[in-house]
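Trainee:
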Amino acid sequence: DNVAYPLQTSKTSQTEIREKVAKALNFVQLDGYENRPATKLSGGQQQRVALARALVAEPKVILFDEPLSNLDAKLREETRKELRSFLSELQITAVYVTHDRIEALALSDLIAVMRAGKIVELGDPKKIYFNSDDRFVADFIGRANLIKGKIAKHQGEHAVFTSEIGSLVALNSQNIAVGEEAMLCVRPEFIRLAPKQVAEGHNLFSGKMESLIFIGEAYEGEIRVGETLLTTTIDPTADIVEGDTITISFDPDHCFLLSV
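In this text, residue positions in the sequence shown follow the working numbering: the first is 67, and each later residue adds one.
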């Protein structure tokens, strides 16, 4: 009855109600729980019941307020994938409120990043992640290395950027003027150990490996270049240890400049 409530207030047949409730419960992996009292469910299960109740009426617009927050990591990942598929299948417009950047990027066609009750940036998830227009958004939507410097010259859609770690080239989508101070943003996954043959034009410099943390699929590393500490993601099979001097590089197309 809990899940069926939105349908019971409309002229829906009992047969259709049973079918839709069963489909919704199957989606949130609560098959066989149809007659289980809410007080006998765990917190995560209660959250899934609420999700099923919201979906069962197949509304045109639905508001999700952090619906996956009480689920364990594995179930959250599985449900996130299923939710995306389910919403696409039903052609439902969803407004999804979350502080989880992975959920935001994985589920959205359009992201609105808010700060102090105001929308700071609105755009395509890839655009916001790879080439944000705002420093707060760039740092909020994912791990970011932010490097201070000044625009030395324009170079097509890029700009040469003088910084505390040297001269770098980055996308200049904001068309920041020569001589203006700016901030370069590069994601950790784009800073890589330099191969013997580095592609022409790539940013290249040496540093000291300050720390390495093994997280399974990768190392999370910190590299000191002068006074700057850069965070990077490194292949777990890489033959390096803390204290090594290494050469790293990143593609000018994989970093971008922000006004300050």
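By construction, the Cβ of each residue, glycine as well, lies at the ideal position given by its N, Cα and C atoms. This structure is a prediction, so every number in the text was calculated from the model and none was measured.
At what residues does the beta strand (DSSP E) containing V127 begin and finish?
Mentor: Looking at the DSSP string, the run of the beta strand (DSSP E) that includes V127 is V127 to D131.
Trainee: Can you name, in chain order, every residue of its own chain whose Cβ lies under 6 Å from the Cβ of T299, other than the five neighbours on each side?
Mentor: Hits under 6 Å: P254, E255 and A284.
Trainee: What residues match up with H224 in a beta bridge as DSSP calls it?
Mentor: In DSSP, H224 forms a bridge with Q221 and L237.
Trainee: With H, G and I counted as helix, E and B as strand and the rest as coil, what does DSSP make of E288?
Mentor: Of the three classes helix, strand and coil, the one that applies to E288 here is strand, per DSSP.
Trainee: Where does Y162 fall in DSSP's three states?
Mentor: Reduced to three states, the DSSP call for Y162 is strand.
Trainee: Ignoring anything shorter than 3 residues, give me the beta strand (DSSP E) runs that lie fully in the segment 101 to 146, in order along the chain.
Mentor: DSSP runs (the beta strand (DSSP E)) wholly in the segment 101 to 146: 127 to 131.
Trainee: Spatial neighbours of A120 within its chain, please: CB distance less than 7 Å, with the 5 preceding and 5 following residues excluded, ordered by chain position.
Mentor: Here the set comprises I128.
Trainee: Do you know offhand how far T145's Cα is from K274's?
Mentor: Cα to Cα, the separation comes out at about 41 Å.
Trainee: What does G273 pair with, by DSSP beta-bridge criteria?
Mentor: Bridge partners of G273: I312.
Trainee: So, with DSSP's three-state summary, where would you put R201?
Mentor: Here R201 sits in helix by DSSP.
Trainee: To the nearest angstrom, how far is the alpha carbon of V186 from that of R102?
Mentor: Approximately 44 Å between the Cα atoms of the pair.
Trainee: Give the DSSP-derived three-state secondary structure of E169 in the structure shown.
Mentor: In the structure shown, E169 sits in a helix (DSSP, three-state: H, G or I).
Trainee: Below 8 Å, can you find three or more Cβ-Cβ pairs linking the segment 73 to 80 to the segment 129 to 142?
Mentor: Not touching, per the Cβ criterion.
Trainee: Taking Cβ to Cβ, would you say Y195 is nearer than 8 Å to I213?
Mentor: No; because the gap between Cβ atoms is not below 8 Å, this pair is not in contact.
Trainee: Starting from the Cα of Q124, find the closest Cα among E155, G98 and F280 and give me that residue.
Mentor: According to the sequence provided, residue 124 is Glu. The question's Gln does not apply to it. Comparing Cα positions, the closest option is E155.
Trainee: By how many angstroms is the C-alpha of F280 removed from the C-alpha of E308?
Mentor: Cα-Cα distance, rounded: 12 Å.
Trainee: What is the residue span of the alpha helix (DSSP H) that A82 lies within?
Mentor: Ala is not the amino acid found at residue 82; the sequence shown has Glu there. Segment Q80 to F93, the alpha helix (DSSP H) holding E82.
Trainee: Identify the continuous beta strand (DSSP E) that holds L73 and give its terminal residues.
Mentor: Taken as a continuous stretch (DSSP letters only), L73 belongs to no beta strand (DSSP E), being part of the alpha helix (DSSP H) at Y71 to Q74.
Trainee: Kindly indicate which three-state DSSP category S174 falls into: helix, strand or coil?
Mentor: Residue state, collapsed to three classes: coil.
Trainee: Check whether the Cβ atoms of V326 and E247 sit closer than 8 Å, and answer yes or no.
Mentor: The answer is yes: Cβ separation under 8 Å.
Trainee: Here's the rule I'm using: 16 or more other beta-carbon atoms within 10 Å means buried, otherwise exposed. How should I188 be labelled?
Mentor: The residue asked about is misnamed: residue 188 is Leu in this sequence, not Ile. So L188 counts as exposed.
Trainee: Below 8 Å on the Cβ atoms is my contact criterion, and I expect Q240 with L323 to pass it. Report the Cβ-Cβ distance as a whole number of Å.
Mentor: Correct: roughly 7 Å between the Cβ atoms.
Trainee: Give the DSSP-derived three-state secondary structure of K192 in the structure shown.
Mentor: K192: helix per DSSP, three-state reduction.
Trainee: Do I242 and L296 have their beta-carbon atoms positioned less than 8 Å apart in this structure?
Mentor: Contact: no.
Trainee: For L324, does the three-state DSSP call read helix, strand or coil?
Mentor: Residue state, collapsed to three classes: strand.
Trainee: So for E246, helix, strand or coil by DSSP?
Mentor: If DSSP states are grouped into helix, strand and coil, E246 belongs with coil.
Trainee: What's the gap between the Cα of R114 and the Cα of S277?
Mentor: Distance between the alpha carbons of R114 and S277 is about 40 Å.
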